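Participant: To convert, count from 1 in the sequence shown and add 16; that's the numbering used here. Even for Gly, the Cβ is constructed at its ideal location relative to N, Cα and C. For clarity, every value in this text was computed on a predicted model and none was experimentally measured.
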Amino acid sequence: MKILVLGGTRFVGRHIVEECLRRGDDVTVLYRGRSPSPFAGIARHVLTDRRAPTVEAAAVLAEPWDAVIDTSARDVDDLSPVLPLLGNVGQYTLLSTCGVYRRAPSRHGLTERAATIPADASHPVRASATRKLRCERYVRRRLDRINGPLLIARLGLVIGRYDDSDRLAYWLERALRGGDVLVPMDDRQVIQLIDATDVARFLRDAVDQQLTGVVNVAGARTDARTLVDTVLTRAGRAVTPCRVGEEFALTHRLQPWTEIPLWLPASSPELALMSVNNSRATDAGLTLRPLPDSITDALGWQALRRGWSQRWLDHARERDLIQRWRG
């Protein structure tokens, strides 16, 4: 297969390029160069700003491609200079997000037919998802004009090696530090994660299957207790989880998701995004790694990139809150 990857040097895109190379594909990576490429000498590289393609980039885009996998389009401005330059493309895959769905609980989870958020609304929490939805609609209109096969892959929360999102990293880093760990989540809070290797394998399979339309690429649902216990156990440190509970955490003004990632209080509408229906993807061949295996990989990556975000709960404040909780 001759495959063009737009982006491809960070997290999910990096996994996709790795999967394509593993299968022997002829891969070209078109990227900005802000992240060093780990594929030098293995894949063809085209360095360009996709919003202002170079002459070389324009020529590459015009080549015939079995598939174009777009991992880096974050707004319509990333698409409008690129799509008109494309020649014959067997399939165009746009990576989007399940964040485009409205936060409305459903008995069957959020399917691909679920209502989406307003594409023209301004919402600080959902700004990136709004831009992704505009990308979806722009690509669909553009490719419909030329009958171009399009797959829109709406990703759930992705974890694994190369993860730079700082969501699971909070818990990985706390586990690697050891000691008493403040846990505010209700044990039963639903969390839905998917390994980046599973995403990459599925999307590459989708090229072979010529899968089109919209598909939710999301993982299996688990609960907060299982996730936290798995992270703490797999880290192999002396760790004590202090399950202070939501009421205590909110009373002491802890910030869900930002200060303590992956924590969503029971009243949060964002919990709806932890019940994404992935049956179309599983019917098309999506398989999921066991959570402990994904956590082990993620811990190995975090051990290499150690660091503590300024947004996260301060160590001293965590100790003080645990002391208050213990009375």
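Return helix, strand or coil for A41, following the three-state DSSP convention.
Facilitator: Going by the sequence as given, residue 41 is Asp instead of Ala. Secondary structure of D41 (DSSP, three-state): coil.
Participant: So, R170 versus V116, is the Cβ gap smaller than 8 angstroms?
Facilitator: yes
Participant: Which runs of the beta strand (DSSP E) fall wholly inside the stretch 48 to 73 and span at least 3 residues, in chain order?
Facilitator: With a minimum length of 3 residues, the continuous beta strand (DSSP E) runs that stay inside the stretch 48 to 73 are 60 to 63.
Participant: Would you mind reading off the limits of the alpha helix (DSSP H) that contains D313?
Facilitator: Annotation for D313: the continuous alpha helix (DSSP H) segment containing it runs 307 to 320.
Participant: Given a cut-off of 8 angstroms, decide if I175 and L209 are closer than it, judged by their beta-carbon atoms.
Facilitator: yes
Participant: With H, G and I counted as helix, E and B as strand and the rest as coil, what does DSSP make of W81?
Facilitator: strand
Participant: Classify D180 as buried or exposed, calling it buried when 16 or more other Cβ atoms lie within 10 Å of its own Cβ.
Facilitator: exposed
Participant: Out of R327, W81, R129, point me to the one whose CA is closest to G103's CA.
Facilitator: W81
Participant: Helix, strand or coil for S291 per DSSP?
Facilitator: For S291, the three-state secondary structure derived from DSSP is coil.
Participant: Start and end of the beta strand (DSSP E) containing A169?
Facilitator: 166 to 171
Participant: Between the stretch 325 to 338 and the stretch 188 to 207, can you find at least three pairs of beta-carbon atoms closer than 8 angstroms?
Facilitator: yes
Participant: Looking at the unbroken alpha helix (DSSP H) that takes in T10, where does it start and where does it end?
Facilitator: Residue 10 falls outside the range modelled here, since the chain spans only 17 to 343, and no answer is possible.
Participant: Within a Cβ cutoff of 6 angstroms, which residues of the same chain sit near A236, ignoring the five residues on either side of it in sequence?
Facilitator: Closer than 6 angstroms at the Cβ level, and outside the excluded window around A236, lie L304.
Participant: Using DSSP with H/G/I as helix, E/B as strand and the rest coil, what is I133?
Facilitator: coil
Participant: Candidates L302, L192, D203: which alpha carbon is nearest G323's?
Facilitator: L192
Participant: Run through DSSP, which three-state label would L99 get?
Facilitator: Three-state result, L99: helix.
Participant: Compute the Euclidean distance between the alpha carbons of L278 and L289, then round it to the nearest angstrom.
Facilitator: 12 angstroms
Participant: With respect to the alpha helix (DSSP H) encompassing D221, which residues constitute its N-terminal and C-terminal limits?
Facilitator: 212 to 225
Participant: Ordered along the chain, which non-local residues of its own chain (more than five positions away) have a Cβ less than 7 angstroms from that of W317?
Facilitator: R177, Y178, D179
Participant: For D91, collect the residues of the same chain with a Cβ closer than 8 angstroms to its Cβ; drop the 5 residues on either side in sequence, then sort them by chain order.
Facilitator: R147, R150, C151
Participant: Between V28 and T87, which are expected to be in contact by the criterion C-beta below 8 angstroms, what is the C-beta distance as a whole number of angstroms?
Facilitator: The beta-carbon separation of V28 and T87, rounded to 6 angstroms, stays under the 8 angstroms limit for a contact.
Participant: In the DSSP output, what is D196 paired with across the bridge?
Facilitator: T256
Participant: Whose CA, out of A185, L307, Y154, A332, lies closest to the CA of A135?
Facilitator: Y154
Participant: From R30 to S310, what does the alpha carbon distance come to, in whole angstroms?
Facilitator: 16 angstroms
Participant: Could you tell me the boundaries of the beta strand (DSSP E) in which L20 lies?
Facilitator: 18 to 22
Participant: Alpha carbon to alpha carbon, how far is R342 from T298? Give it in angstroms, no decimals.
Facilitator: In a straight line, the C-alpha of T298 is about 45 angstroms away from that of R342.
Participant: What is the DSSP secondary structure of Q339, reduced to helix, strand or coil?
Facilitator: The answer is helix: DSSP assigns Q339 an H, G or I state.
Participant: Mapping DSSP to helix, strand and coil, what is T238?
Facilitator: Of the three classes helix, strand and coil, the one that applies to T238 here is strand, per DSSP.
Participant: Since T109 is in the beta strand (DSSP E), which residue starts that stretch and which ends it?
Facilitator: 108 to 113
Participant: Would you mind reading off the limits of the beta strand (DSSP E) that contains V116?
Facilitator: It is not in any beta strand (DSSP E) - V116 carries neither H nor E in the DSSP assignment.
Participant: Looking at I133: is its Cβ nearer than 8 angstroms to the Cβ of R123?
Facilitator: Contact: no.
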